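Visitor:
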Ligand code: PEP
């Protein structure tokens, strides 16, 4: 059965000491909780080692928020997937709309990053989603299908099994405006069908597909109750254990 996942995306928030505190408080909050989902903490590069250490001995998964397109060499300022994996991180978030928008990450870049991540044994949380104009024009399905086709549908079946999809409509990220549970379900069902068309029904049924965009403890139960919504990628509400815990408990 496919996994349910509550994944935090801290983005560019917290200093290292603050991040260690946050990871410890999440760890503490989860102790004794009968969890029905995997918990992933997506944290800045600088925090990976320390956060991996802070959650050691638990099944909390640490993820990076990016990795380089190249394996190593003269790429000042870049962080390779091998470096990420060497910290104890087990996953990486790729294709987030903020990276696509502000750092011009296109599908070609993402294909290279995904390949690096998988070559280094990292699970990929691959983000996709339309902007407001595209939604208003009714083009959301075409946009999302193209992002999947151009970013990850080059993968072999085996490789694809290491991918989690996060559908994040850009108009819902950090805006306080959440997609309705019907809108989320409609898109995630479409994504699962698109995966089935490419990789077959069995792989589609095994793929975890998350919703992201102003998800919080209040709206998570309704979103996660939908049959195709396997969890959430959580930005703002992952920055305190108090706000994150109800999301983890929402399954
Ligand atoms: C995100 O950027 O991954 C996200 C979902 O952010 P927020 O929860 O703050 O909308």
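Numbering (the working numbering), first residue to last: 282 to 532.
The C-beta atom is built at its ideal place from N, Cα and C for all residues, glycine as well.
If you're wondering where the values come from, they're calculated on a predicted model, not measured in any experiment.
(1) Please tell me whether, using a cut-off of 8 Å, the distance from the CB of residue 516 to the nearest non-hydrogen atom of the ligand PEP is below it.
(2) Where residue 372 and residue 403 are concerned, what is the direct C-alpha to C-alpha distance, given to the nearest angstrom?
(3) Cβ of residue 501 within 9 Å of Cβ of residue 513?
(4) What are the boundary residues of the beta strand (DSSP E) that includes residue 287?
(5) Using the Cα positions of residue 367 and residue 440, report the straight-line distance between them to the nearest angstrom.
(6) Roughly how many angstroms separate the alpha carbons of residue 464 and residue 450, rounded to a whole number?
(7) Given a cut-off of 9 Å, decide if residue 459 and residue 495 are closer than it, judged by their beta-carbon atoms.
(8) Please report the straight-line C-alpha distance between residue 386 and residue 528, rounded to a whole angstrom.
(9) Candidates 409, 398 and 419: which alpha carbon is nearest residue 555's?
(10) Can you tell me which of the three DSSP states residue 512 falls into?
(11) Considering only the alpha carbon of each residue, which of 483, 503 and 510 lies closest to residue 490?
(12) Can you tell me the Cα-Cα spacing of residue 416 and residue 515, whole angstroms?
(13) Can you tell which of 447, 359, 480 and 469 has the C-alpha that lies nearest to the C-alpha of residue 508?
(14) Let me check one thing: in DSSP terms, what residues is residue 404 bridge-paired to?
(15) So, with DSSP's three-state summary, where would you put residue 418?
(16) Could you tell me if residue 394 is buried or exposed, where buried requires 16 or more neighbouring beta carbons within 10 angstroms of its beta carbon?
(17) In three-state DSSP terms, what is residue 314?
(18) Give the DSSP-derived three-state secondary structure of residue 322 in the structure shown.
(19) List, from N- to C-terminal side, the beta strand (DSSP E) runs of 3 residues or more that fit wholly inside the region 437–494.
(20) If you run the structure through DSSP and keep just helix, strand and coil, what is residue 518?
(21) Roughly how far, in whole angstroms, is the beta-carbon of residue 346 from the beta-carbon of residue 323, given that I think they are within contact range, below 8 Å?
(22) Would residue 392 and residue 370 be called neighbours here (beta carbons separated by less than 9 Å)?
(23) Taking just the CA atoms, how far does residue 407 sit from residue 504?
(24) Going straight from the alpha carbon of residue 286 to that of residue 321, what length do you get?
(25) Where does residue 344 sit, in a helix, a strand or coil, going by DSSP?
Guide: From the atom records:
(1) For the ligand PEP, at least one heavy atom lies less than 8 Å from the Cβ of residue 516.
(2) Approximately 5 Å between the Cα atoms of the pair.
(3) Taking the C-beta atoms as reference points, residue 513 is found nearer than 9 Å to residue 501.
(4) If you look at residue 287, you'll find it in the beta strand (DSSP E) that goes 286–290.
(5) Whole-angstrom Cα-Cα distance: 20 Å.
(6) Roughly 10 Å between the two C-alpha positions.
(7) The criterion of a C-beta distance shorter than 9 Å is satisfied by residue 495 and residue 459.
(8) About 29 Å.
(9) An answer regarding residue 555 cannot be provided, because it is not within the stretch 282 to 532 covered by the chain.
(10) Looking at residue 512 - three-state DSSP - the assignment turns out to be strand.
(11) Closest option to residue 490, Cα to Cα, is 510.
(12) In a straight line, the C-alpha of residue 416 is about 21 Å away from that of residue 515.
(13) For the residues 447, 359, 480 and 469, the minimum Cα distance to residue 508 belongs to 469.
(14) Note: residue 404 is bridge-paired with 372 in the DSSP secondary-structure output.
(15) It is coil, neither helix nor strand.
(16) Buried.
(17) Three-state result, residue 314: coil.
(18) The answer is strand: DSSP assigns residue 322 an E or B state.
(19) You should have 444–448 and 490–493.
(20) It is helical.
(21) That belief holds up - the Cβ atoms of residue 346 and residue 323 are roughly 5 Å apart, short of 8 Å.
(22) Not closer than 9 Å, so no.
(23) The straight-line gap separating the alpha-carbon atoms of residue 504 and residue 407 is approximately 19 Å.
(24) About 7 Å.
(25) Of the three classes helix, strand and coil, the one that applies to residue 344 here is strand, per DSSP.
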